[in-house]
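**Student:**
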Amino acid sequence: MNGWGQRLIGALLVAVGAWCLWFQLWLPAQLPKEDDFRALSQVIDAEAQPGDVVLLAPWWTEHARLFVPERVPVVGYIGSDADDLETHSRIWVIAQPKLPRAGMAAFHAAFDAKRPPVGTERSFGPLRLSLYQNGRARPVAFSATDALAQARVYLQSADGSQQACQWDGAQHRCPNGGAATVEWHDIKFQPRRCVRFYPPGGSTKLVAEFTGVPEVAAWRLQAGMIWDRGWFHDRPLSVTYLDLESGGTRLGGVSIQPGLEGLQRTLTTGSPAGATVRVSVQAERAELRETCFELFGFAAGATP
Amino acid sequence: MSEQRQNKLIGWALFLGGFFALLFTEKSVGFTRDESVYFAAAESHARWFTLLVKEPARAFTDAAIVQAFDYNHEHPALLKNLFGLSYLLFHEGLGWLRPAAAFRLPAFAFAALILPLIFALAKDRLGRPAAIFAAISFLLVPRQFFNAHLSCFDVPVAAMWLLVVYCFWKAQEAPRYWLYTGLAFGAAIATKHNAFFLPFVLIPFSLVWGWFASKEKPAARSSFLQILGGFIAAAAGYGLLVLLWGPEGFQQKFLLMSPQIVLFVAAVVFGGWKLRQLHREDDATFRAVAPLVAMAALGPVIFYLHWPYLWHHPVDRTAWYLAFHATHNHYAWFYLGELLREPPFPLAYVLVKTAMTVPTALFVPMVIGFIAMLIRAARGQATRWDFLVAAHAVASIAIISSPSVPHFGGVKHWFPSMPFLAMFAGAAVMASAQGLEEWTRTKTKALPSNAAFIGISVLLFASPLIATARYGEYGTSHYSELAGGLPGAASAGMQRQFWANNVTGVLEWINKNAQPGERVYLHECHAGQIHDYQRNGMLRTDLRFVGGPFDADIVAYQYHQEFREQEFNTWQALNTTRPATGLYLDETPQVIVYRRSR
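Going down the list, the protein sequences come from chains D and A.
Heads up: the first sequence begins at 1 in my numbering, then just goes up one per residue.
Heads up: the second sequence begins at 305 in my numbering, then just goes up one per residue.
Encoded structure:
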């Protein structure tokens, strides 16, 4: 190596060494202290309204969960920047923009549409707190997770015969040993509070029947395989079918192929007040087809 | 003081510095999932050694051996024997150390050995200062510093790999090192299976150097080719037997008096005889080839002798051991926002992960040093040392980069590459210091000798030292400046931790806040780890440890993307989504503690 090459490398290494040292000294100063979190959570506690939600930016900054009042849900998962959060009318964003690769530009590109800010951003050390109106929210007239206790749940054979599942105060216990109940589950890293709804296998369907539902302008059925079940594709697995029907008419459905991960959604036309709505699940082979669903009925006037 | 004596002193200073740095920081490093298995295996081995002293006849029976060595026979016994003996001596015998430190002591020695070995291999080519830089830099990589504490095999096999290469290099000029190469190789394959790849990286050097050394020396060339032919014939013989009998038949018929043994003995005897002849004919050719013959002859013998588990059933148990690693499971691994669960894995994984985990102040000189070597090679200026070190810098990285090789385990599977990359870093720093010294000489008055080198070294060591101090105990979580640190890595969708040792970050809270007899679930920590935390005084013994969140009052969840379902089960089971406390490194959740909502 010639002299100039060595000098160049020398200058480069000095610059790299200095930058790395700066980084190691700079980073701790960008981290919030507990007092910052406490001050921020006091604001949320004082000002949060029913229907509010907290969104984390970057999505993984879950430290805030320790401090945010539990009555306000906290959302942060891969992809949560783009979550419509359609059941929440206002969104508190707790941001840590000074963290390396915080990606706030990408966050705002995914988040900002139809979300006007309410008031100004507030700072608590390196934490930033902003409130937004959620223009993507829709008034929810019906939620299956809220109404599950009142639902009639049963197994339905191909010939139409039914075997009832018994409500025990927490879940509908079915004759095949299965159950339908509201649980937290991971659907491709996303926490969902959904109805556990495992297909019984064969041509038999598991059905949840909701009677006397209010008038609904549009139905959103969303379902997915829990945990890693969506990933499996290396053995004979069945397609899982979820159907939504009202008054004997099929409104729509979701089919989940083996290897299909994540939440699958469908938006259908609504139903009049007092209708009976059924959600069913069926898969020829029940192995590794653990499914969870949510059903939202959006009120009339809401734009689907 | 003679130069040789000075070098010895530097070597010892590096070894002792490394050893005591590990010993003094040991207490804060948690027990990984594997380590607690090795503690238990080591303890079991130690009981066998006690039996060997008390009832030698019984100790040699297969029943006694299986009782002691069957547990964790996925790995050879050398390290576990040493861990166990150290435990017997320093904990049970002398009572000087807590159990974990006593088990770990041999691991510290193996890790510390890397430093003088780097120095010894690099000093003649790079000069002492650069060799010292390279040696120290090895332990200033936080993930390496962390792993160097563990009673595991990843750092020890890096040490053994380096020892074999050092002996092989030294054998080219010093007597007896050809024999030491064989002994070191035996120790290396008795440490971890990575070492089985070593011959493939050394054979080309033996062949090329032997070929050139025997040029215009017909007798030496003839002996060289005969040795080569002898081993090729033996290998072909094995291949033929496999073809004739099939793999199962080959295994079943591999008895003490069998063609397989005859082939091995014949190859070794023939190789030894021809080697003796070659020694008389030409020393340089002998030095090139002899280490390989020693490896071929001594490696299998040491491997067999060191592991009592093989004594009564060498073939079947070796075959099981090799098959286990050839068909190892793939564990889920988070990489650039994708959960990798099965091959093919991304080809660039190892390079990306290395760039994101080795402190940038060390990674950049490594890359520069390596590129400078490639330029020298392109210009025909590279030396044998350059090629040897480059090959071993690349070997483990290339092997693990194969898209079909399991990619879990962070960076530990290519640790054997890291000492060699450290040497390239030392070379780059030395070159840069020379350039700066030259430049300053033209601008101001000349700097004192080595001032630029020391200045650059201190600057380059500063940030890794801070990082090692900050993340050393949570080594699997460390990410470099290039990655944007741990926050940058989290945003990039990288695995934030593995092996469950970060639970140490919340043990103090659990000890302080759990009610007497309360039910605790330490997610991903198996019973062995819990036992080890308890016997080392890090976890209360009155608590009841349960197997899942639904039976627990307190849950310590290890944040991994592939385990999110367990966190949400915890929300469900404990009726809360709000953690009670947690370990958040640079804001990234690592271990989150939930308590049942009353």
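Glycine included, every Cβ here is placed at the ideal spot set by N, Cα and C.
Only a predicted model underlies this, so the values are computations on that prediction, with no experimental measurement involved.
#1: Roughly how many angstroms separate the alpha carbons of A:W465 and A:F724, rounded to a whole number?
#2: Please return the same chain residues whose Cβ sits closer than 6 Å to the Cβ of A:D620, not counting the five positions on each side in sequence.
#3: Please tell me whether A:G291 and A:F489 are closer than 9 Å, where the distance is taken between their beta carbons.
#4: Rank D:F124, D:E290 and D:G79 by C-alpha distance to the C-alpha of D:F107 and give the top, closest one.
#5: Which residues of chain D have a Cβ atom closer than 7 Å to the Cβ of A:P669, listed in chain order?
#6: So that I know if they touch, is there some Cβ in chain D lying closer than 9 Å to that of A:E891?
#7: Taking the alpha helix (DSSP H) that A:K657 belongs to, which residues open and close that run?
#8: Quick one: which chain A residues come within Cβ less than 9 Å of D:P171?
#9: Of all Cβ atoms in chain A, is any one closer than 9 Å to the Cβ of D:D234?
#10: With three or more C-beta pairs closer than 8 Å as the rule, is the segment 168 to 180 of chain D touching the segment 228 to 235 of chain D?
#11: Pairing CB atoms from the segment 50 to 66 of chain D with CB atoms from the segment 95 to 110 of chain D, are three or more of them under 8 Å?
#12: Taking a contact to mean a Cβ-Cβ separation below 9 Å, would you say D:L148 touches D:V195 in this structure?
#13: Within this structure, are the beta carbons of A:A439 and A:A426 separated by less than 9 Å?
#14: Could you work out which residues of chain A lie near D:E183, taking near to mean beta carbons separated by less than 7 Å?
#15: Residue range of the beta strand (DSSP E) that A:P503 falls in?
#16: Is the Cβ of D:Y77 closer than 9 Å to any Cβ of chain A?
#17: With a threshold of 8 Å on Cβ separation, who are the neighbours of A:G789 within its own chain once the five nearest residues in sequence on each side are excluded?
#18: In three-state DSSP terms, what is A:E828?
#19: Using the C-alpha atoms, what's the distance from D:W227 back to A:P460?
#20: For the segment 427 to 446 of chain A against the segment 346 to 366 of chain A, do three or more pairs of beta-carbon atoms, one drawn from each stretch, fall closer than 8 Å, so that the two count as touching?
#21: Output the distance between the C-alpha atoms of A:M842 and A:A325, rounded to the nearest integer angstrom.
#22: Suppose you measure from the CA of A:L826 to the CA of A:W875; what does that come to, to the nearest Å?
#23: Using CA atoms only, rank isn't needed, just tell me which of A:V370, A:I418 and A:F335 is closest to A:G321.
#24: Under 9 Å between C-beta atoms, does D:E306 make it to chain A?
#25: Please classify D:W60: does DSSP put it in a helix, a strand, or coil?
#26: How long is the line joining the alpha carbons of D:L179 and D:E284, rounded to whole angstroms?
#27: Tell me whether A:K474 is buried or exposed, calling it buried when 16 or more other Cβ atoms sit within 10 Å of its Cβ.
#28: Using the rule of at least 16 other Cβ atoms within 10 Å of the residue's Cβ for burial, across every protein chain shown, is A:S332 buried or exposed?
#29: Check the Cβ-Cβ distances between A:E828 and every residue of chain D, and say whether any is below 9 Å.
#30: Express the C-alpha separation of D:R138 and D:T303 in angstroms, rounding to a whole number.
#31: Who are the near neighbours of A:A699 in its chain, counting only those whose CB is closer than 6 Å to its CB and skipping five residues on each side?
#32: Could you work out which residue in D:V118, D:D112, D:R193 and D:K205 is closest to D:Y154 when comparing CA atoms only?
#33: Tell me the DSSP secondary structure of D:V254 in three-state form.
#34: May I ask you to report which of helix, strand or coil DSSP gives A:R882?
#35: From which residue to which residue does the beta strand (DSSP E) around D:P73 run?
#36: So with Cβ pairs under 9 Å, would you call A:R868 a contact of chain D?
**Tutor:** For this structure:
#1: As a position in the second sequence, residue 465 of chain A is number 161, starting the count at 1. As a position in the second sequence, residue 724 of chain A is number 420, starting the count at 1. Cα to Cα, the separation comes out at about 10 Å.
#2: Locating residue 620 of chain A in the second sequence gives position 316, counting from the first residue. Around A:D620: no qualifying Cβ.
#3: It is not possible to answer for residue 291 of chain A, since the shown part of chain A is limited to 305 through 902.
#4: Stepping through the first sequence from its first residue, residue 107 of chain D is reached at position 107. Of the candidates D:F124, D:E290 and D:G79, the one whose C-alpha sits nearest the C-alpha of D:F107 is D:G79.
#5: To locate residue 669 of chain A, count along the second sequence from 1; it is residue 365. By Cβ distance, chain D contributes L13.
#6: For the purposes of this step, residue 891 of chain A is identified with residue 587 of the second sequence, where counting begins at 1. By this cut-off, A:E891 is an interface position.
#7: In the second sequence, counting from the first residue as 1, residue 657 of chain A sits at position 353. Run containing A:K657: Y653 to T661, per the alpha helix (DSSP H) assignment.
#8: On the first sequence, position 171 is the one that residue 171 of chain D refers to. Note on identity: in this sequence residue 171 of chain D is Gln, with Pro being the wrong assignment. The premise fails here: D:Q171 is roughly 12 Å from chain A at the closest Cβ pair, so nothing lies under 9 Å.
#9: Here the question's residue 234 of chain D lines up with position 234 in the first sequence. Closer than 9 Å: yes.
#10: no
#11: yes
#12: For the purposes of this step, residue 148 of chain D is taken as the residue at position 148 of the first sequence. For the purposes of this step, residue 195 of chain D is taken as the residue at position 195 of the first sequence. The answer is yes: Cβ separation under 9 Å.
#13: Here residue 439 of chain A corresponds to residue number 135 of the second sequence, with the count starting at 1. Here residue 426 of chain A corresponds to residue number 122 of the second sequence, with the count starting at 1. The answer is yes: Cβ separation under 9 Å.
#14: Taking the first sequence and counting its residues from 1, the one referred to as residue 183 of chain D is at position 183. What D:E183 touches in chain A: Q876.
#15: Position 199 of the second sequence, counting from 1, holds the residue named residue 503 of chain A. No beta strand (DSSP E) holds A:P503; the alpha helix (DSSP H) holding it covers L502 to A517.
#16: On the first sequence, residue 77 of chain D is found 77 positions in, with the first residue counted as 1. Chain A, which has a Cβ nearer than 9 Å to the Cβ of D:Y77, makes this yes.
#17: Taking the second sequence and counting its residues from 1, one reaches residue 789 of chain A at position 485. Y783 and D890.
#18: Mapped onto the second sequence, residue 828 of chain A falls at position 524. Here A:E828 sits in coil by DSSP.
#19: One-based indexing of the second sequence puts residue 460 of chain A at position 156. One-based indexing of the first sequence puts residue 227 of chain D at position 227. Their Cα atoms are separated by approximately 37 Å.
#20: no
#21: By 1-based counting over the second sequence, the position of residue 842 of chain A is 538. By 1-based counting over the second sequence, the position of residue 325 of chain A is 21. A:M842 and A:A325: Cα-Cα distance of roughly 21 Å.
#22: For this step, residue 826 of chain A is matched to residue 522 along the second sequence. For this step, residue 875 of chain A is matched to residue 571 along the second sequence. Their backbone Cα atoms lie some 15 Å apart in a straight line.
#23: Along the second sequence, one-based indexing puts residue 321 of chain A at 17. Ranking the options by Cα distance to A:G321, first place goes to A:I418.
#24: Nothing about residue 306 of chain D can be reported from this structure: the residues present for chain D run from 1 to 304 only.
#25: Working through the first sequence from its first residue, we reach residue 60 of chain D at position 60. Of the three classes helix, strand and coil, the one that applies to D:W60 here is coil, per DSSP.
#26: The residue labelled residue 179 of chain D in the question sits at position 179 within the first sequence. The residue labelled residue 284 of chain D in the question sits at position 284 within the first sequence. For the sequence presented, residue 179 of chain D should be read as Ala rather than Leu. Computed Cα separation, rounded: 18 Å.
#27: Counted from its first residue, the second sequence places residue 474 of chain A at position 170. Buried is the call here.
#28: Along the second sequence, read from residue 1 onward, the residue named residue 332 of chain A stands at position 28. Looking at its Cβ environment, which holds fewer than 16 other Cβ atoms inside 10 Å, A:S332 is exposed.
#29: Within the second sequence, numbered from 1, the residue matching residue 828 of chain A stands at position 524. So, not an interface residue.
#30: For the purposes of this step, residue 303 of chain D is taken as the residue at position 303 of the first sequence. For the purposes of this step, residue 138 of chain D is taken as the residue at position 138 of the first sequence. Below a pLDDT of 50, predicted positions are generally treated as unreliable, and D:T303, at 49, falls in that range; the measurement from the model is reported next regardless. Cα to Cα, the separation comes out at about 7 Å.
#31: Start at 1 with the first residue of the second sequence, and residue 699 of chain A comes out as number 395. Counting only Cβ-Cβ distances below 6 Å, and skipping sequence neighbours, we find V505.
#32: As a working mapping, residue 154 of chain D is identified with position 154 in the first sequence. The option with the nearest alpha carbon to D:Y154 is D:K205.
#33: By 1-based counting over the first sequence, the position of residue 254 of chain D is 254. Residue state, collapsed to three classes: strand.
#34: In the second sequence, residue 882 of chain A corresponds to position 578, counting from 1. Coil.
#35: Stepping through the first sequence from its first residue, residue 73 of chain D is reached at position 73. Unbroken run through D:P73: none, as it is neither H nor E.
#36: Here residue 868 of chain A refers to the residue found at position 564 when the second sequence is read from its first residue. For A:R868, the answer is yes, since a Cβ of chain D falls inside 9 Å of its Cβ.
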